[in-house]
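Here's the structure we're looking at; comments come further down.
In full-length UniProt numbering, the protein residues as written are 1 to 156.
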């Protein structure tokens, strides 16, 4: 069975909701909350991991407490639209640790990057010496986030 041919039922969705709230929750705790014994709960989790529905378990970190208080959304339009230029751009941006999210988008820009930096000076250093050195960039627009109103990894 592949993920494309698998539709999570309500029990699977409940498991996913609980794991999104607390990925460290024990199988026993999850099973009690969804009214299913631990063994089938564990089997469902393992199946969703194998199918790639559960991609990874992670920790949400308060970025301000680890000196990454500046968030910048950077929109980028390429100057040439072909497979080679886009592929090289994607490869190079993927290597940048300051870029924590990276999307191919539609509209006036081709890509959207979420960039974290300690402060304006460090962002400027990153922008001038790393990002703008990547070939193929035609236009950029940086949006400086003043405050995070809602941030979530929960999609269910």
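Quick reminder that beta carbons are idealized off the backbone N, C-alpha and C, glycines included.
As the structure is a prediction and not an experimental result, all values here were calculated from the model.
Listed in chain order, the non-local C-beta contacts of residue 48 below 8 Å within the same chain comprise 8, 12, 15, 16 and 54, local neighbours out to five positions each way being set aside.
A direct Cα-to-Cα measurement between residue 125 and residue 70 gives close to 13 Å. Separation of the CB atoms of residue 75 and residue 21 is rounded to 32 Å, and the pair is thereby denied contact status at 8 Å. For residue 142, there is no enclosing alpha helix (DSSP H); the residue is part of the beta strand (DSSP E) that begins and ends at 137-145. Around the beta carbon of residue 156, a 10 Å sphere encloses fewer than 16 other beta carbons of the protein chains shown; the residue is thus reported as exposed. Counting other Cβ atoms within 10 Å of its Cβ, residue 117 reaches 16 or more and is therefore classed as buried.
Residue range 99-104 is occupied by the beta strand (DSSP E) that includes residue 99. Residue 123 and residue 83 have their C-alpha atoms spaced approximately 29 Å apart.
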